[in-house]
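A.B. asks: Going by full-length UniProt numbering, the residue at position 139 of the sequence shown is 139; the numbering climbs one at a time, nothing skipped.
Sharing a structure, written as structure tokens. Questions coming.
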Amino acid sequence: MEDESELKEEKKWWKICIENMGNWLANKNKDEWLKDMRGNLSLAATIITTMTFQTAINPPGGVRPATETGNVKCPEKLQGNNPCPGEAVLAVVFPDEYIRFLLWNTICFVSSLAVCLLLVSGFPLNHRFFTWLLSIGTCITMTSLTLTYMVGAEMVTPYPVWYTTNTMFNKVIYIWFSLLGLVTLVLCLRLFVWTVTKCIHKRKR
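Next comes the structure, spelled out in structure tokens:
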């Protein structure tokens, strides 16, 4: 009997800790936050989608124009040293950096589209899981946008100038990822506590 009572006390203590953590992490004004942020998030995601689309079509450094005669053929395509008319110049000058630029720009484009899709899909955004999904999608969008800017700035900035500011950019990146890690941790803890609380309530029933 004593063992059973101790086990009940331990379970009760564990449940109290989960409930206290849930209350501490809970967003008290979640409904008002969703009303205020839904329009702002939709506008921001639309602008970011437009920016990343335009950046892919008109990349930093520009594209090679047609020849003076108007010829747009590319006989030197197999040489690999000269871009064809309409192709990005920096893709030839900095191929590795340009691949990273395209990677982060594409991730930013797709994640911002995913945020727009969640906002117009009709899913109940007051549900904890969809709120978490929307927040994570926004974090991915902002992070990939930051890295797109960093790689793009690196490609178009002369090396002596970039070298003098490299330390500052590294500090900015460290601060950003620290903030991102903190926000992601809080979001994941909220989802975890919400899931555990739901399971506890189901067992009580």
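Beta carbons: idealized from backbone N, C-alpha and C, even for Gly.
Please list, in chain order, all residues of the same chain as F123 whose beta carbon is under 6 Å from its beta carbon, the five residues on each side excluded.
C.D. replies: By one-based count along the sequence shown, residue 123 stands at place 123. For F123, where only same-chain residues beyond five positions count, the Cβ hits under 6 Å are F130.
A.B. asks: Determine, for A44, whether the minimum Cβ-Cβ distance to residues of chain B falls below 8 Å.
C.D. replies: No chain B is part of this structure, which consists of one protein chain only.
A.B. asks: Using 8 Å as the threshold, is the C-beta distance between C139 and T106 below it?
C.D. replies: Along the sequence shown, one-based indexing puts residue 139 at 139. Along the sequence shown, one-based indexing puts residue 106 at 106. No, they are not a contact pair.
A.B. asks: May I have the straight-line CA-CA distance separating L134 from I99, to the nearest angstrom?
C.D. replies: By 1-based counting over the sequence shown, the position of residue 134 is 134. By 1-based counting over the sequence shown, the position of residue 99 is 99. Taking the straight line joining both Cα atoms gives about 28 Å.
A.B. asks: Apart from the five residues on each side of it in sequence, which residues of its chain come closer than 6 Å, Cβ to Cβ, to L191?
C.D. replies: Within the sequence shown, residue 191 is the residue found at index 191, counting from 1. So the qualifying residues of the chain are W132.
A.B. asks: Sort out for me which residues DSSP pairs V63 with in a bridge.
C.D. replies: What you label residue 63 is simply residue 63 of the sequence shown in a count that begins at 1. Answer is A88, bridged to V63.
A.B. asks: Over what stretch of residues does the alpha helix (DSSP H) that includes P158 continue unbroken?
C.D. replies: What you label residue 158 is simply residue 158 of the sequence shown in a count that begins at 1. That residue, P158, is in no alpha helix (DSSP H); it is neither H nor E in DSSP.
A.B. asks: When DSSP labels each residue in this structure, what does S121 get in the three-state scheme?
C.D. replies: Stepping through the sequence shown from its first residue, residue 121 is reached at position 121. Coil.
A.B. asks: Cutting at 7 Å between CB atoms, please list the residues of its own chain near G152, excluding the five before and the five after it.
C.D. replies: Taking the first residue of the sequence shown as 1, we reach residue 152 at position 152. Hits under 7 Å: P60 and F101.
A.B. asks: Just to confirm, are S112 and T146 a CB contact at a threshold of 8 Å?
C.D. replies: Indexing the sequence shown from 1 puts residue 112 at position 112. Indexing the sequence shown from 1 puts residue 146 at position 146. Contact flag unset, no.
A.B. asks: Which residue from C199, W176, M168 and T49 puts its Cα closest to that of F109?
C.D. replies: Walking along the sequence shown from the start, residue 109 turns up at place 109. Selected option, being the one with the closest Cα: T49.
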